[in-house]
Amino acid sequence: MTRSGTSDAAAGTLTDGSRRGRVRRPGVPLPLLLPALAGLVFLLLPLVALLLRAPWRSLPAQLTSTQVWQALQLSLVSATAATAVSLVLGVPLAWLLARTDFPGRGLVRALVTLPLVLPPVVGGVALLLALGRNGVVGRWLDAWFGVTLPFTTAGVVVAEAFVAMPFLVISVEGTLRAADPRYEEAATTLGASRFTAFRRVTLPLVAPGIAAGAVLAWARALGEFGATITFAGNFPGRTQTMPLAVYLALQNDPAAAIALSLVLLAVSIAVLAGLRDRWMTAS
């Protein structure tokens, strides 16, 4: 066989191989396509309606009003503070669940994730019973230190941290389980303490997971409603966050409620866009 014939045969083999390597996706059955489209419409229709009915012309004036600005400022500050509390308490808790074995670890993990499925109002009631002025711990905080958490800005932070911390713990624990523990073991064999290995080796390894969990916790804290209104109340300038302002404005000023809802929608979209590489697979 000549050299040109060999090249043609090789090219034909590559062409056939590439054709065989192509995977032809089957068509979507009609019984699956129709419910899928209905589900898509069901999820998108309320968001489209919010955009269509938004007072775009008066939106700048709505967002710069005193009440809206106070709620926005309080929401940003309290959500950031709740995220900081979640980081300080949640990262060590995630490390404990991922790196140590102790009796009842499964039960502890279930209790940590309980706020994810617990109705927020029930969480607010539980916080009142625990940290209220006559609560199990709150009475001692009031008697010994003069600290009263319910119906204060600090109470907003506590309520938001209670519902947001599980998101961070789950994210960081999953990242820790995926990270190779042999790096930490190597650091300890070289003389580093467990805390030094955690600080110098583990934290840099799981930094993306911590960042993703912090963003999720921040977004969850920003949108918290039930536990906040139950434990901290709805006082403008002190405990009225954006979700509470939406609820109140919907009764008196629907345009302001829509404006605040658009801000929360924009924040949610930004969070999903920032986490798409971590939580979504490429097609």
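Residue numbers (this note's numbering): 59 to 341. Yeah, the Cβ is synthetic: ideal placement off N, Cα and C, and Gly gets one too. Quick caveat, the model's predicted, so the values are computed rather than measured.
Cα-Cα separation, residue i to residue j
| i | j | result |
| --- | --- | --- |
| residue 311 | residue 139 | 29 Å |
| residue 330 | residue 256 | 29 Å |
| residue 32 | residue 238 | Beyond the ends of the chain as shown, which are 59 and 341, falls residue 32; an answer cannot be given. |
| residue 245 | residue 251 | 8 Å |
| residue 167 | residue 176 | 15 Å |
| residue 262 | residue 229 | 15 Å |
| residue 112 | residue 102 | 16 Å |
| residue 172 | residue 91 | 35 Å |
| residue 163 | residue 227 | 14 Å |
| residue 104 | residue 313 | 16 Å |
| residue 295 | residue 118 | 20 Å |
| residue 210 | residue 86 | 54 Å |
| residue 258 | residue 248 | 13 Å |
| residue 273 | residue 266 | 11 Å |
| residue 240 | residue 328 | 36 Å |
| residue 114 | residue 120 | 10 Å |
| residue 100 | residue 158 | 44 Å |
| residue 128 | residue 297 | 10 Å |
| residue 200 | residue 183 | 18 Å |
| residue 89 | residue 106 | 26 Å |
| residue 292 | residue 110 | 29 Å |
| residue 197 | residue 134 | 29 Å |
| residue 146 | residue 165 | 22 Å |
| residue 42 | residue 160 | There is no way to answer for residue 42, as the model of the chain reaches only from 59 to 341. |
| residue 212 | residue 332 | 29 Å |
Short Cβ contact (8 Å threshold) for residue i with residue j
| i | j | result |
| --- | --- | --- |
| residue 326 | residue 269 | no |
| residue 236 | residue 290 | no |
| residue 287 | residue 308 | no |
| residue 316 | residue 108 | yes |
| residue 214 | residue 319 | no |
| residue 299 | residue 132 | yes |
Buried versus exposed call for residue i [16 or more other C-beta atoms within 10 Å across all chains shown]
| i | result |
| --- | --- |
| residue 202 | exposed |
| residue 231 | buried |
| residue 242 | buried |
| residue 153 | buried |
| residue 234 | buried |
| residue 306 | buried |
| residue 149 | buried |
| residue 280 | buried |
| residue 324 | exposed |
| residue 178 | buried |
| residue 304 | buried |
| residue 144 | buried |
| residue 254 | exposed |
| residue 283 | buried |
| residue 195 | exposed |
| residue 32 | The structure shown does not extend to residue 32, since the chain is modelled only from 59 to 341, so the question has no answer here. |
| residue 141 | buried |
| residue 96 | exposed |
| residue 124 | exposed |
| residue 204 | exposed |
| residue 126 | buried |
| residue 222 | buried |
| residue 151 | buried |
| residue 155 | buried |
| residue 260 | buried |
| residue 285 | buried |
| residue 271 | buried |
Whole-Å CB distance - residue i paired with residue j, under 8 Å assumed
| i | j | result |
| --- | --- | --- |
| residue 225 | residue 275 | 5 Å |
| residue 190 | residue 208 | 5 Å |
| residue 130 | residue 321 | 7 Å |
Which runs of the alpha helix (DSSP H) spanning at least 4 residues fall entirely within the stretch 122 to 199, listed in chain order? 124 to 157, 163 to 175 and 178 to 189
If we require 4 or more residues per run, which alpha helix (DSSP H) segments fall completely within the stretch 255 to 317? 265 to 280, 284 to 289 and 300 to 310
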